[in-house]
Amino acid sequence: MAKKITMDVIADHLGISKFAVSKALAGKNGVSELTREKVLKAASQLGYYGQRGSVAKSGTKKEAVEDNHTRIKPVVIVLIPKVRLQSMDSLYWGRILDEIAVELEQKNVGMMMITDFSSDNFLKFINPQGLIGVLCVGGMSASLLLEIRQMAIPFILVDHEDQLVPSDSIFMNNMDCEVRLVDYLHSLGHTSFQFIGNPAFSRSFADRWLGFRSSLENHGIIVTDQMLLPLLEDDRYSYTLEIKNWIVRRMAEQSLPTALVCANDAIAMSALEALQALQISVPEQVSVCGFDNIDDAVKVQPNLTTINVDKQAMGKRAVEALFRRIEQSGALYEKILLSGDLVIRNSTGMPYKRSE
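Just remember that the numbering used here sits 1321 ahead of the position in the sequence shown, which is counted from 1.
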């Protein structure tokens, strides 16, 4: 009889603790990326995923049964890009991943997280016997999505979609939420606005930019190219520097807007830092708002006006959508939009009254 592959076996194989193996397999913090990748690779090579002998409920009507009535343990692969601002350590993405892990655990389904998924690496992890679906969290290349689709594996996109690859997807209702936020700023009396964030960064950013434009156009404010500061880098330090330089230029031109609408909270916190470094008071001189309502949004001073994104709901609905797709492979594709709430805090107020 083949030896059952347990976490102890993987730990002994790699010469690390069972605790580290458990953390890596669950996609939790506490282990390095190198260790995590080693554990996932060893788990796949040793046959940890898809092995027989573990009774599990997949939530589907399809169950593989051996002569001894044991079942194949179902596994869901979770793909998340290994990029600076879109990772399992993010205050935004990490909450979504945590909820996905909780939902899969409740269904007694294994979770395998992969952050490095070039075509060659991804295929090494695939075990057709146990794999029941894939959750793609964040931006994915069209080539990878096409490969998954060609393999006939049920998959769901979270906060992403691709026109070349029909699929189910889960989003916040980014456009409508941004309209609500900008409408609120306009109700305070603001007429001079700036959107900070790159619409090309993600579909969510693009929809927030569209919501920004839509609100202003509805209020008769002409949107110009100058009202978009796209930001070229992808880290907080670079954000702050670029925003600071932009503020200096606009101050020299005496054209600094009174309301900065940032594509997410991380950008908004960089804007706060840049304004404070230049001794520009918030919200007395400039109002700043973000999007996502990450934990740090309420910790900064002044704390951020933002849109609350229910990260747990996104993770939960992603798992629900995946099992719907598994059970109803021929069902129409769905784009699920979750509503968000406007959270008003101290970083926004009535526009600055300049002296005559």
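We put the CB at the ideal spot given by N, CA and C, even for glycine.
Lys1344 and Gly1351: beta carbons closer than 8 Å? yes
Please list the terminal residues of the continuous beta strand (DSSP E) segment that includes Phe1522. That residue, Phe1522, is in no beta strand (DSSP E); it is neither H nor E in DSSP.
Under the three-state reduction of DSSP, which class applies to Ala1580: helix, strand or coil? strand
Using DSSP with H/G/I as helix, E/B as strand and the rest coil, what is Asp1631? coil
Rounded to a whole number of angstroms, what is the C-alpha to C-alpha distance between Val1634 and Glu1424? The sequence given here places Ala at residue 1634; Val does not occur at that position. Going by the C-alpha atoms only, they are around 11 Å apart.
Buried/exposed call for Ala1618, threshold 16 Cβ in 10 Å: By the 10 Å Cβ count, Ala1618 comes out buried.
Check for me: the beta strand (DSSP E) holding Met1433 runs from which residue to which? 1431–1435
Can you tell me where the beta strand (DSSP E) holding Lys1656 begins and where it ends? 1656–1659
According to DSSP, is Gly1336 part of a helix, a strand, or is it coil? coil
Measuring straight from C-alpha to C-alpha, what distance separates Val1486 and Ala1463? 7 Å
Would you call Ala1704 buried or exposed, if buried means 16 or more other Cβ atoms sit within 10 Å of its Cβ? Nothing can be reported for residue 1704, as the shown portion of the chain is limited to 1322 through 1677.
Pro1475 to Phe1644, Cα distance in whole Å? 9 Å
Between which two residues does the alpha helix (DSSP H) holding Gly1415 run? Segment 1414–1427, the alpha helix (DSSP H) holding Gly1415.
Just to check my reading of the structure: Arg1497 and Ser1525 have Cβ atoms closer than 8 Å, yes? What is that Cβ distance to the nearest angstrom? Per the sequence shown, residue 1497 should be read as Asp rather than Arg. In fact, because the Cβ distance is near 13 Å, the residues do not count as touching under 8 Å.
Looking at Val1503: is its Cβ nearer than 8 Å to the Cβ of Phe1533? yes
Express the C-alpha separation of Gln1575 and Val1458 in angstroms, rounding to a whole number. Computed Cα separation, rounded: 42 Å.
Give the DSSP-derived three-state secondary structure of Thr1626 in the structure shown. strand
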